[in-house]
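**Q**
Residue numbers (my numbering), protein chains in the order written: chain H, 1 to 237; chain B, 1001 to 1117.
1) Roughly how many angstroms lie between the CA atoms of residue 1042 (chain B) and residue 148 (chain H), to the nearest whole one?
2) Cα separation between residue 89 (chain H) and residue 36 (chain H)?
3) Using DSSP with H/G/I as helix, E/B as strand and the rest coil, what is residue 1030 (chain B)?
4) Going along the chain, which residues of its own chain have a beta-carbon closer than 8 Å to the beta-carbon of residue 1037 (chain B), five neighbours each way excluded?
5) How is residue 1059 (chain B) classed by DSSP in three states: helix, strand or coil?
6) Identify the continuous beta strand (DSSP E) that holds residue 81 (chain H) and give its terminal residues.
7) Can you check the segment 33 to 106 of chain H for any beta strand (DSSP E) of at least 3 residues that lies completely inside it and give the ranges in chain order?
8) By a C-beta neighbour count over all protein chains shown, 10 Å radius and 16 as the cutoff for buried, is residue 15 (chain H) buried or exposed?
9) Using Cβ-Cβ distances below 7 Å, what residues of the segment 40 to 62 of chain H are close to chain B?
10) In the DSSP output, what is residue 200 (chain H) paired with across the bridge?
11) Which value, in whole angstroms, describes the spacing of the CA atoms of residue 11 (chain H) and residue 141 (chain H)?
12) Note down the Cα distance separating residue 207 (chain H) from residue 1096 (chain B), rounded to an integer number of angstroms.
13) Count the other CB atoms, across all protein chains shown, that sit within 10 Å of the CB of residue 1007 (chain B); report buried if there are 16 or more and exposed otherwise.
14) If residue 82 (chain H) sits next to residue 212 (chain H), beta carbons under 8 Å apart, how far is it from one beta carbon to the other, in whole angstroms?
15) Assuming the contact rule is C-beta atoms closer than 8 Å, residue 29 (chain H) and residue 99 (chain H) should be a hit. Round their C-beta distance to whole Å, please.
16) Where does residue 1067 (chain B) fall in DSSP's three states?
17) For residue 1082 (chain B), count neighbouring Cβ atoms within 10 angstroms of its own Cβ and tell me buried if that reaches 16, exposed if not.
18) Anything in chain H within Cβ reach of residue 1104 (chain B), meaning under 9 Å, just list it in chain order.
19) Using 8 Å as the threshold, is the C-beta distance between residue 1053 (chain B) and residue 1069 (chain B) below it?
20) Taking its Cβ as the centre, do 16 or more other Cβ atoms sit within 10 Å of residue 1018 (chain B), making it buried, or is it exposed?
21) For residue 187 (chain H), is the classification buried or exposed, using 16 other Cβ atoms within 10 angstroms of its Cβ as the cut-off for buried?
22) Can you give the Cα-Cα distance for residue 1109 (chain B) and residue 180 (chain H), rounded to whole angstroms?
23) Give me whichever residues DSSP pairs with residue 168 (chain H) in a beta bridge.
24) What residues in the segment 1087 to 1101 of chain B bring their beta carbon closer than 7 Å to a beta carbon of chain H?
25) Could you tell me which chain H residues have their CB closer than 7 Å to the CB of residue 1066 (chain B), listed as they occur along the chain?
26) Looking at residue 76 (chain H): is its Cβ nearer than 8 Å to the Cβ of residue 59 (chain H)?
27) Count the other CB atoms, across all protein chains shown, that sit within 10 Å of the CB of residue 1066 (chain B); report buried if there are 16 or more and exposed otherwise.
28) Who are the near neighbours of residue 164 (chain H) in its chain, counting only those whose CB is closer than 8 Å to its CB and skipping five residues on each side?
29) Taking a cut of 8 Å between CB atoms, which residues from the segment 164 to 187 of chain H lie near chain B?
30) Measuring only between beta-carbons, confirm whether residue 70 (chain H) sits less than 8 Å from chain B.
31) For residue 1107 (chain B), decide whether its Cβ has a neighbour in chain H, counting only Cβ atoms nearer than 8 Å.
32) Verify whether the separation of the beta carbon atoms of residue 166 (chain H) and residue 197 (chain H) is less than 8 Å.
33) Which bits of chain H does residue 1110 (chain B) rub up against, with CB to CB less than 7 Å?
34) Pick from H:168, H:27 and H:151: whose alpha carbon is nearest that of residue 79 (chain H)?
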C-alpha cells in the first residue's frame, strides 16, 4: 500500500506504557495506512520507545510516568505543531483497535462535517458484530459510565470510555486535558460539550485479546473515574 | 494554672510563630494568618477557662464543651484534607506540564519517516 499518499495530513497519537512486546506490531500495522504516528512513551522502562522508533513512529518520551490522559495531551500537542496536520486520532497501544476503524472514522469525520468522531462498542449499526464481543460485566460498567456522565448523556453517547477517537484541528487546538490518569475520557467528552464541538459515534470492534484484557484498566478504577468527574468542575484551570 | 494548660498554650504560640515566619505569598496568606491569630486567642482562652466552652456548647445545643471542640476538629480536618487534595491536584497538573515540556523537547523522529516499515 502507498504509505503517506493516503493520509499525509493525519496524525495518529498512541499513548504507551510498558508495551514493548506489542508496540512494534501496532505501529507497523498503523503504517500500512498512515505515515504520521507519534508514540508517547509514558515513562516506560522496557524499551517501548526504542521499539516504537524502530517501527517508524515519532517518539515523545515522558521523563516520568504521568498517566494516559497526560500522554494523550502530550501527543496531541506534538502532532498539532506539525506542519500540515489537520486530522488527529488517538489509538491504544495494546493492539485492541483496528486500523480499518480509524479509516472509517476519518471518512465519517469528513463526510458528515464533524469535529470529532468517537468509537463505540455499543453501536446500532450491524456488521462488525462488536456488541457481542464485549465481556458482560465490562459492558454493564461501561454503559453505566456513559449514562452517569452528564455530558455524555446530553450528547447521546453510548460509550464514554473508548480509546479510539478521530478529531480535527479545532478540537486538537482546543484540547487541554488536565486529568492525568484514566479519567481523561470523561473529561474529553465534557470538553466536547463545553465547546459545542460537533460529535458523532462510529461503531468499532475491540479486539479483546488476553494481552489487552490483562493490560486494560480494572473495573474498580471506575470508582476513581466517577470521583474525578465529580470534582472536575471545582478545579480551577 | 495546670501543666497541661502551659503545654497547650506553649504549643499553640510556637505554631503561631512558625506560621508567621514562613515567607509564602501575599494576600491570601495574610488572611490565613489573621484567621490563625483569632484561633490562637480563642484557643488560649479555652485552655485557661475550659468551662466557658461548655457555655458556648449549650448555646448551640451541645452537651459538653469537649464535644463541641471535637466537632469543630472534625470539620477542620475535613476542610484541611480537601484543600490538601486540591493543592496536590494542582501541583500534579503543573508537574505534568513541566514533564510535557521536557518530553516535547526530547522528541525523536524516525530515521526514514517516509519509507515503508
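Positions of the beta carbon are idealized from the N, C-alpha and C atoms, including for glycine.
**A** The structure says:
1) Between residue 1042 (chain B) and residue 148 (chain H), the C-alpha separation is close to 45 Å.
2) When rounded, the distance between both Cα atoms is 11 Å.
3) Residue 1030 (chain B) sits in a helix when the DSSP states are folded into three classes.
4) Cβ neighbours of residue 1037 (chain B) beyond the five flanking positions: 1016.
5) When DSSP states are grouped into helix, strand and coil, residue 1059 (chain B) belongs to the helix group.
6) No beta strand (DSSP E) holds residue 81 (chain H); DSSP gives it neither H nor E.
7) If we require 3 residues or more, the beta strand (DSSP E) runs fully inside the segment 33 to 106 of chain H come out as 36 to 41, 58 to 61 and 87 to 90.
8) Residue 15 (chain H) is buried by the Cβ-count criterion.
9) The segment 40 to 62 of chain H vs chain B, Cβ under 7 Å: 53, 55, 56, 57, 58, 59, 60, 61 and 62.
10) According to DSSP, residue 200 (chain H) bridges with H:117.
11) Straight-line Cα distance between these residues: approximately 31 Å.
12) Here the C-alpha atom of residue 207 (chain H) lies approximately 31 Å from the C-alpha atom of residue 1096 (chain B).
13) Residue 1007 (chain B) is exposed by the Cβ-count criterion.
14) Going by Cβ atoms, the distance from residue 82 (chain H) to residue 212 (chain H) rounds to 28 Å, so no, they are not a contact pair.
15) About 6 Å separates the beta carbon of residue 29 (chain H) from that of residue 99 (chain H), a gap short enough to meet the 8 Å contact definition.
16) Residue state for residue 1067 (chain B) is assigned as helix, using DSSP reduced to three classes.
17) With fewer than 16 Cβ atoms within 10 Å of its Cβ, residue 1082 (chain B) is classed as exposed.
18) By Cβ distance, chain H contributes 60, 74, 77, 78 and 81.
19) Their beta carbons are under 8 Å apart, which means residue 1053 (chain B) touches residue 1069 (chain B) by this criterion.
20) Label assigned to residue 1018 (chain B): exposed.
21) Buried: at least 16 other Cβ atoms inside 10 Å.
22) For residue 1109 (chain B) and residue 180 (chain H), the gap between their C-alpha atoms comes out near 25 Å.
23) Its beta-bridge partners are H:87.
24) In summary, the residues of the segment 1087 to 1101 of chain B whose CB is separated from some CB of chain H by less than 7 Å are 1089, 1092, 1093, 1096, 1099 and 1100, in the order they occur in the chain.
25) Within chain H, no residue comes near residue 1066 (chain B); the closest Cβ sits about 34 Å away, beyond 7 Å.
26) Contact flag unset, no.
27) Exposed: under 16 other Cβ atoms inside 10 Å.
28) If you ignore the 5 residues before and after residue 164 (chain H), its C-beta comes within less than 8 Å of the C-beta of 89, 90, 91, 92, 97, 101, 102, 105, 118, 119 and 204, all in its own chain and listed in chain order.
29) Those would be 178 and 180, in chain order.
30) Chain B contact via Cβ: present.
31) Interface residue, yes.
32) The answer is no: Cβ separation not under 8 Å.
33) Ordered by position in chain H, the residues that pass the 7 Å Cβ test against residue 1110 (chain B) are 53, 56, 57 and 58.
34) The residue among H:168, H:27 and H:151 with its C-alpha nearest the C-alpha of residue 79 (chain H) is H:168.
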